[in-house]
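If you number the sequence shown the way my numbering does, the last residue is 377 and the count never jumps.
We put the beta carbon where it would ideally sit given N, CA and C, even for glycine.
Quick caveat, the model's predicted, so the values are computed rather than measured.
Notes follow the structure.
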Amino acid sequence: MDQSAIYKNRLNDSYKKLKFNIISNYSPQGDQGKAISQLTDGILIDYKFQTLLGVTGSGKTYTMANVIQNVQLPTLVLAPNKTLAAQLCNEFKEFFPENAVEYFVSYYDYYQPEAYIPSKDMYIEKDTSINEEIEKLRLSTTNALFMRNDVIVVASVSCIYNLGSPVEYEKQRIFIKKGEEYFREKLIKNLVNIKYERNDYDFNQGNFRVKGDNFEIYPAYQDRALRVQFFDNEVERIIEFNPVSGEIYSNLDAVVISPATHFLATEEWVQRALATIEEELKERIGYFKKEGKLLEAQRLESRTRYDMEMIAELGYCGGIENYSRHILGKEPGETPNTLIDFFPENFLTIIDESHIAVPQIRGMFEGDRG
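In structure tokens:
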């Protein structure tokens, strides 16, 4: 193992020693103590499913917070909609101010799926509007899951929608340590590979800029920026600062920079994907022509060829998730990578309003065929 990997593991280990710790003026009342004890015991003896019953306002969130503190497991909290997820996230943040409480929901403000109206021979392209703040919170979630164990993720059912490969996400994180040699050209290349854009004038999240011996990097998942100062090819100083005011928050010994997107593809994956997309495209074009649907065949080929050109040039295209099966080499119907794959092997799942959320989860079955 090289020195960079050793330092990276040590940094991760220091974060992973953090424990869940409730900070609250409340204490369990009534049946809460019994419920906390029974739920905790059930988890420790490997009960797969348990149910907590309680009317609105009976303190179920506080009860589950105590269970999380007892079992010390990374936790996924599923809610049936964004509003309830946001409410739960705020409540857990109040109970666990020193731990990582993350919010993971769909980042679409607007979503118009592609459609075809046969009576008018009208094709409507997919149109979307992505909320950049929610995308930042989603990236913050996956970054936290790789950095520490004391993580609570409050999510809507969209957490089981297709996401990129956690293996590639982990592999392409950038580790920088003070006093270590790091060639600046390599840092630029590595940042571009994980979808950071160089912009020396307009400094926003997901950007980096170079000023002489200084690299300024604005991680896509946090509000604080990083300044890496070099002396020749040695990292002389790492600073965390306010990207607006320039105020310095702290000096760091080391830092890990996570990707600015969940969809990362190596050159090998891209070439494999292009080959299998081409194969499937030919099969579908043949089908439409056989059915006499020449317009549909032409439209499918035009759209897919454009996407293939974008993937070949940039490793990315709009709606890249539609091609994830090809990029990741998965078989039709095989389970896609989701947020759940970013969790460690042992974690706790809590489903709120399960009478609503569980049917939603069942509705995601074979969603790749939707």
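CB contact check: residue i to chain B, cutoff 8 Å
{"i": "Val158", "result": "Although the question refers to chain B, the structure presented lacks it and comprises just one protein chain."}
Start-to-end residues for the alpha helix (DSSP H) that takes in residue i
{"i": "Val74", "result": "Lys67 to Val78"}
{"i": "Lys193", "result": "Arg191 to Asn200"}
{"i": "Phe237", "result": "Careful: Phe237 lies outside any alpha helix (DSSP H), inside the beta strand (DSSP E) at Ala232 to Phe238."}
{"i": "Glu316", "result": "Leu301 to Leu321"}
{"i": "Glu223", "result": "No alpha helix (DSSP H) contains Glu223, which is instead part of the beta strand (DSSP E) from Asn221 to Ile224."}
{"i": "Val365", "result": "Ser361 to Arg369"}
{"i": "Tyr174", "result": "Sequence inspection shows Val at residue 174; the Tyr mentioned does not correspond to that position. Taken as a continuous stretch (DSSP letters only), the alpha helix (DSSP H) holding Val174 covers Pro173 to Lys178."}
{"i": "Lys41", "result": "Gln39 to Leu51"}
Buried versus exposed, by CB contacts within 10 Å (16 or more), residue i
{"i": "Ser163", "result": "buried"}
{"i": "Phe99", "result": "buried"}
{"i": "Thr58", "result": "exposed"}
{"i": "Tyr123", "result": "exposed"}
{"i": "Ile52", "result": "exposed"}
{"i": "Phe222", "result": "buried"}
{"i": "Lys15", "result": "With a pLDDT of 49 at Lys15, under the threshold of 50, the predicted position of this residue should be treated as unreliable, and no value is reported."}
{"i": "Leu271", "result": "buried"}
{"i": "Leu95", "result": "buried"}
Cα-Cα separation between residue i and residue j, rounded to whole angstroms
{"i": "Thr148", "j": "Arg155", "result": "11 Å"}
{"i": "Glu320", "j": "Asp314", "result": "10 Å"}
{"i": "Leu46", "j": "Lys133", "result": "45 Å"}
{"i": "Arg191", "j": "Lys218", "result": "12 Å"}
{"i": "Asn200", "j": "Tyr54", "result": "43 Å"}
{"i": "Phe238", "j": "Ala232", "result": "20 Å"}
{"i": "Arg279", "j": "Met317", "result": "15 Å"}
{"i": "Phe27", "j": "Val78", "result": "9 Å"}
{"i": "Glu121", "j": "Tyr130", "result": "8 Å"}
{"i": "Glu254", "j": "Pro226", "result": "17 Å"}
{"i": "Val74", "j": "Ile43", "result": "6 Å"}
{"i": "Val62", "j": "Thr68", "result": "12 Å"}
{"i": "Ser385", "j": "Lys41", "result": "The structure shown does not extend to residue 385, since the chain is modelled only from 8 to 377, so the question has no answer here."}
{"i": "Arg216", "j": "Glu274", "result": "25 Å"}
Range of the contiguous beta strand (DSSP E) that encloses residue i
{"i": "Ile245", "result": "Glu241 to Phe248"}
{"i": "Asn214", "result": "Asn214 to Lys218"}
{"i": "Met129", "result": "Met129 to Ile131"}
{"i": "Ser126", "result": "Per DSSP, Ser126 belongs to no beta strand (DSSP E) and is neither H nor E."}
{"i": "Lys184", "result": "Ile181 to Lys184"}
{"i": "Phe270", "result": "No beta strand (DSSP E) contains Phe270, which DSSP labels as neither H nor E."}
{"i": "Phe111", "result": "Ala107 to Phe111"}
{"i": "Tyr256", "result": "Ile255 to Leu259"}
{"i": "Ala162", "result": "Val158 to Ser163"}
Bridge-paired residues (DSSP) for residue i
{"i": "Leu355", "result": "Thr82"}
{"i": "Gln119", "result": "Asp134"}
{"i": "Ile334", "result": "None; Ile334 has no bridge partner."}
{"i": "Ile141", "result": "According to DSSP, Ile141 bridges with nothing at all."}
{"i": "Ile347", "result": "In the DSSP output, where bridge partners are listed per residue, Ile347 has none listed."}
{"i": "Glu98", "result": "Bridge partners of Glu98: none, in fact."}
Should the stretch 234-248 be called in touch with the stretch 183-195, which here means at least 3 C-beta pairs below 8 Å? yes
Tell me whether the stretch 22-34 and the stretch 100-110 touch, counting them as touching only if at least three CB pairs, one residue from each stretch, are closer than 8 Å. yes
Three CB pairs or more closer than 8 Å across the stretch 332-347 and the stretch 158-177: yes
Just checking, does the stretch 72-88 make contact with the stretch 359-368 on the three C-beta pairs under 8 Å criterion? yes
Decide yes or no for the touch test of the stretch 137-152 against the stretch 106-113: beta carbon pairs closer than 8 Å, at least 3 of them. yes
Closer than 8 Å is the cut-off here; do at least three beta carbon pairs connect the stretch 292-312 with the stretch 170-181? no
Check whether the stretch 257-274 touches the stretch 282-290, taking contact to mean three or more Cβ pairs, one atom from each stretch, closer than 8 Å. no
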